[in-house]
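Worksheet: one structure, shown below.
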Amino acid sequence: MSHFHKVKIKDIRRETNDCVSIALDIPAELKDNFVYKQGQYITLKLTIRGEELRRSYSACSSPVADSDLRIAVKAVENGKVSTFLNNGISVGQELEVMNPMGNFFVEMPSDKEQHFVAFAAGSGITPILSLLKTALAVNETNKFSLFYGNKSTDDIIFKQELNELVVKYENRLQVHHILSREKTADKLFEGRISPEKCLDLLMNFEEIQNADAYFLCGPYDMTMGLKDKLIEFGIPKEKVHFELFTTVEKETGPEIGESPSTSTDTKVTIVLDGEETELTISGNESVLDAALDAGLDAPYACTGGSCCTCRAKLMEGSVKMDVNYALTDQEVENGYILTCQSHPTSPKIVVDYDEP
1 MSHFHKVKIK DIRRETNDCV SIALDIPAEL KDNFVYKQGQ YITLKLTIRG
51 EELRRSYSAC SSPVADSDLR IAVKAVENGK VSTFLNNGIS VGQELEVMNP
101 MGNFFVEMPS DKEQHFVAFA AGSGITPILS LLKTALAVNE TNKFSLFYGN
151 KSTDDIIFKQ ELNELVVKYE NRLQVHHILS REKTADKLFE GRISPEKCLD
201 LLMNFEEIQN ADAYFLCGPY DMTMGLKDKL IEFGIPKEKV HFELFTTVEK
251 ETGPEIGESP STSTDTKVTI VLDGEETELT ISGNESVLDA ALDAGLDAPY
301 ACTGGSCCTC RAKLMEGSVK MDVNYALTDQ EVENGYILTC QSHPTSPKIV
351 VDYDEP
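If you use the UniProt record's numbering, the sequence shown corresponds to residues 1 to 356, in order.
Here it is, written out as structure tokens:
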């Protein structure tokens, strides 16, 4: 399940002072492994100064409009992987890459006219750009409205590409830049993209009030605040989609499964790559931690509940997830869990990583 493929870097493009985009050279024999949906991400495994690290990065490319799978990486303060990818790699170098994953997309049929709205900030533009290019390419009547927040014009990732797309798609694409540290011609586009700013934009752009889907990606507080504001405004919950790159302190989430128990030890069966492994979880250990401690090569990336790399299906027993920012309501209803956030609440559980 946790399979990484060695893929060479095809191209590196400097997008801003602290962000690069990286195109991957997918060999013919791996093409099927790297078929992806707009808005999905890939997980990289790197060894930096003897330490194995995993990070997930969203595709900024479109599966229908671009020939190469490309990701973007913005350097973050004290970020070991992001700093390395911004300054320590070269074309032709091999990266270990997992198959594309993620739920941050909706179907975009070619025979249905749709209008999409997106709110992004900083590197949150990465999956949004993938969604935007796909939406406009699959149907010549689709429309896309983007509200993109940054500190200044110099911080705008993909600025040139966005400008070119506006020219290419004319009236079908609207891009509004909102700057927090730079004056603009209209004060509506100054400041941060807060829930209050979101409401102002909804009131000033009536056409975005009845879109087919809304996409949110940026800092945690912005993303969750906008989600709540859109729903409060009357946008149906099922139309609001969000992606988080970072999370906040854990909180207790809902219980999943049946037969809750107060037992401190749980017998666990892990199904991974067709093999069953029996182990015991004690105390507040997560399913993922227990699997890794047992030497299993279980899939994972963020370990914070914001990606679904560690997704598995609970076949028996019950667990409680601390947080869940990645699985859909339908997936949870069908028994899927984020193993990095899941703690057993029954004497026995069976977790299957191989379930599709």
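Cβ atoms here follow ideal geometry from the backbone N, Cα and C, with glycine treated the same way.
From the DSSP output, which residues share a beta bridge with residue i?
i           : result
R54         : K45
I157        : According to DSSP, which records beta bridges pairwise, I157 is partnered with nothing at all.
E190        : L179
residue 358 : What is shown of the chain runs 1 to 356, which leaves residue 358 out entirely.
K348        : K267
Q174        : S145
I125        : Per DSSP, none; premise fails for I125.
L131        : None; L131 has no bridge partner.
I337        : A312
V76         : V76 pairs with nothing; no bridge assigned.
L30         : For L30, which the question treats as bridged, DSSP gives no partner whatsoever.
Flag this pair as yes or no: are the beta carbons of residue i and residue j separated by less than 8 angstroms?
i    : j    : result
L95  : V20  : no
Y214 : V240 : yes
L179 : N150 : yes
P100 : I156 : no
V7   : V97  : yes
F233 : L199 : yes
K197 : G122 : no
T264 : S286 : no
A298 : L288 : yes
H343 : D212 : no
S152 : E190 : no
S82  : I71  : no
T80  : L53  : It should be pointed out that residue 80 corresponds to Lys in this sequence rather than to Thr. Yes, they are a contact pair.
T277 : A294 : yes
Excluding sequence positions up to five away, which residues of its chain have a Cβ less than 7 angstroms from the Cβ of residue i?
i    : result
E113 : N139, T141 and N142
I125 : Y148, I157 and F158
S261 : Confidence at S261 is low in this model, with a pLDDT of 49, below 50, so the placement of that residue should be treated as unreliable; the coordinate-derived value is given next. Around S261: T345, S346 and P347.
Within the 8 angstroms Cβ cut-off, does residue i reach chain C?
i   : result
N87 : Chain labels in this structure do not include chain C; a single protein chain is all it has.
Which residues in the same chain as residue i place their Cβ atom closer than 6 angstroms to its Cβ, once the five residues preceding and following it in sequence are excluded?
i           : result
G304        : T247
residue 391 : Any question about residue 391 goes unanswered here, given that the chain covers just 1 to 356.
V350        : T269, M315 and E316
Q341        : G305, M321, D322 and V323
Ignore the nearest five residues each way along the sequence and tell me which others in residue i's own chain have a CB closer than 8 angstroms to its CB.
i    : result
K10  : A23, L24, D25, D68 and V91
K37  : P63, P100, G102 and F105
D154 : T16 and N17
P195 : G225, L226, D228 and K229
V35  : P63 and P100
What residue range does the alpha helix (DSSP H) around residue i cover?
i    : result
T83  : K80 to N87
E228 : The sequence given here places Asp at residue 228; Glu does not occur at that position. Element bounds for D228: Y220 to F233.
A185 : No alpha helix (DSSP H) contains A185, which DSSP labels as neither H nor E.
K320 : Careful: K320 lies outside any alpha helix (DSSP H), inside the beta strand (DSSP E) at S318 to M321.
V287 : V287 to D293
C198 : P195 to N204
Going by DSSP, what residue range makes up the beta strand (DSSP E) through residue i?
i    : result
C19  : C19 to D25
K143 : K143 to N150
E278 : E275 to S282
C217 : A213 to C217
E243 : V240 to E243
- [ ] Taking 8 angstroms as the threshold, find out whether the region 63-80 comes into contact with the region 126-141 through three or more Cβ pairs.
- [x] yes
TODO: Would you be able to state if there are at least three C-beta pairs under 8 angstroms between the region 321-330 and the region 266-284?
DONE: Too few Cβ pairs lie closer than 8 angstroms, so no.
TODO: Pair every Cβ in the region 142-155 with every Cβ in the region 196-208, then say whether three or more of these pairs are closer than 8 angstroms.
DONE: Yes, since at least three Cβ pairs between the region 142-155 and the region 196-208 fall closer than 8 angstroms, the two stretches touch.
Task: the region 330-338 in contact with the region 305-314 per 3-pair CB rule at 8 angstroms - done: Output reads yes: the region 305-314 touches the region 330-338.
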